[in-house]
Amino acid sequence: MNVLAIGAHPDDLEILCGGTLALYAAAGHRVTMAVATNGNVGHPTLGRDEIAALRHAEQQASADLIGAELVWMDFDDEWLFNDRPTRERFIDVIRGCGPDVVFAHSPTDYHPDHRAAGQLTVDARIPSAVRLVETTLPAAERIPHVFLMDNVGGIDFVPEVHVDVTGVMATKERILLCHRSQDAWLRAIYDGMDYVSFMHEHAGARGAEAGVAFAESFREVRTYPPTGSIELLPGTVRRAGEAAP
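Heads up, the sequence shown stops at 245 in full-length UniProt numbering, and the numbers go up one at a time, no gaps.
Okay, here's the thing in structure tokens:
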């Protein structure tokens with residue numbers, strides 16, 4: 001199975017679905033991590049080009065750790081918009097991967113780049129398989145099934161399903177720690193925020209809802225045409241509100 005996750009910034013995927021991607025990769029599925037923006041404003045001292053190059057290298061190291069492919073879309077950080085050229089680029093990312101499953105940001109997330117990336121992904125889903133929607137790549141063979149990722153911190157997101165990532169939390173931590181420059185930036189701008197502790201708290205809170213130690217949470221994009229179900233998710237999946245055995 002081909003799995004595509006599209007994040008707005010370097011590190012978003014590691015926080016919101018890194019464990020799930022690690023489970024897919026460990027099961028032998030093809031995993032692609034696509035990152036829309038290059039993080040080129042997120043550093044207390046470096047210039048834009050230096051930051052972008054550093055963030056790219058860190059994202060590549062993260063993808064390499066789980067054997068994922070990386071698509072670096074290289075839009076400017078903080079300036080992602082749902083216009084025609086950008087949507088065409090998202091369509092080509094889907095066409096180039098040929099995914100069965102796509103993970104996207106929720107439209108209720110806190111960051112405008114997150115919201116834009118999520119809407120772009122959902123909007124590109126059907127056109128990616130339409131022959132006469134002409135971009136640089138030919139039409140995809142199928143319309144993929146889309147899951148919305150949890151919001152950062154779980155704010156304003158109502159989970160539909162949880163994936164038990166307890167067994168891959170060490171991997172989730174390792175791929176997150178590849179983003180050393182983001183760790184430094186968050187500590188600088190958010191008054192000493194501990195990146196890894198934040199991730200553990202988030203996954204732990206969702207795990208408590210699911211009756212496991214750590215979980216990642218999702219919602220299905222249910223729209224016409226139906227293309228799949230939660231059975232496409234890896235590992236132990238529990239619907240929100242379902243009692244633990």
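No residue lacks a Cβ here, since even glycine has one placed at the ideal position from N, Cα and C.
Pairwise C-alpha distance: residue j and residue i
i: R142; j: A129; result: 6 Å
i: D123; j: R87; result: 8 Å
i: E220; j: H29; result: 20 Å
i: D77; j: N40; result: 6 Å
i: L176; j: A170; result: 10 Å
i: G7; j: D194; result: 21 Å
i: A68; j: T45; result: 30 Å
i: S229; j: V161; result: 11 Å
i: W72; j: S197; result: 27 Å
i: C17; j: I126; result: 23 Å
i: C97; j: L21; result: 15 Å
i: V101; j: P85; result: 23 Å
i: A203; j: G241; result: 16 Å
i: M199; j: L132; result: 42 Å
i: F75; j: V163; result: 30 Å
i: residue 299; j: D64; result: In the structure as shown, the chain begins at 1 and stops at 245. Residue 299 is therefore absent and cannot be evaluated.
i: Q182; j: V3; result: 25 Å
i: G42; j: R55; result: 9 Å
i: L137; j: L70; result: 18 Å
i: A205; j: L23; result: 20 Å
i: D49; j: C178; result: 19 Å
i: E231; j: A140; result: 22 Å
i: G19; j: T121; result: 21 Å
Nearest residue (CA-CA) to residue i, options the options
i: G235; options: F81, E209, V101 and G167; result: G167
i: F214; options: V221, P138 and R238; result: R238
i: H9; options: A170, A116 and P159; result: A116
i: Q60; options: L80, N38, V196 and H145; result: N38
i: M1; options: G241, A240, L233 and E242; result: L233
i: D156; options: D49, F198 and S217; result: S217
i: I51; options: E242, R180 and E201; result: R180
i: S62; options: T223, R174 and A240; result: R174
i: N151; options: W79, D113, H56 and T223; result: D113
i: A34; options: Y24, D12 and G241; result: D12
i: I66; options: G98, V31, E58 and A240; result: V31
i: A26; options: A240, M73 and V165; result: V165
i: A5; options: A104, R125, E231 and V158; result: A104
i: T227; options: A240, Q119, G204 and V146; result: V146
i: Q119; options: L70, S106 and A203; result: S106
i: A36; options: A139, L23 and W79; result: W79
i: E14; options: K172, T121 and R222; result: K172
i: G154; options: A53, H111, P144 and T136; result: H111
i: P144; options: L54, R222 and R48; result: R222
Local Cβ density within 10 Å of residue i, reported as buried at 16 or more and exposed below that
i: D83; result: exposed
i: L148; result: buried
i: D109; result: buried
i: E201; result: exposed
i: F81; result: exposed
i: E134; result: exposed
i: Y224; result: exposed
i: A57; result: exposed
i: V158; result: exposed
i: G47; result: exposed
i: A53; result: exposed
Which runs of the alpha helix (DSSP H) spanning at least 4 residues fall entirely within the stretch 99-161, listed in chain order?
The stretch 99-161 contains these whole alpha helix (DSSP H) runs: 112-125.
Within the chosen definition, does the stretch 192-210 reach the stretch 86-106 through at least 3 CB pairs nearer than 8 Å?
Result no; under three Cβ-Cβ pairs closer than 8 Å.
Give, in chain order, every unbroken run of the beta strand (DSSP E) that is at least 3 residues long and sits entirely within the stretch 37-82.
Complete beta strand (DSSP E) runs here, min 3: 69-75.
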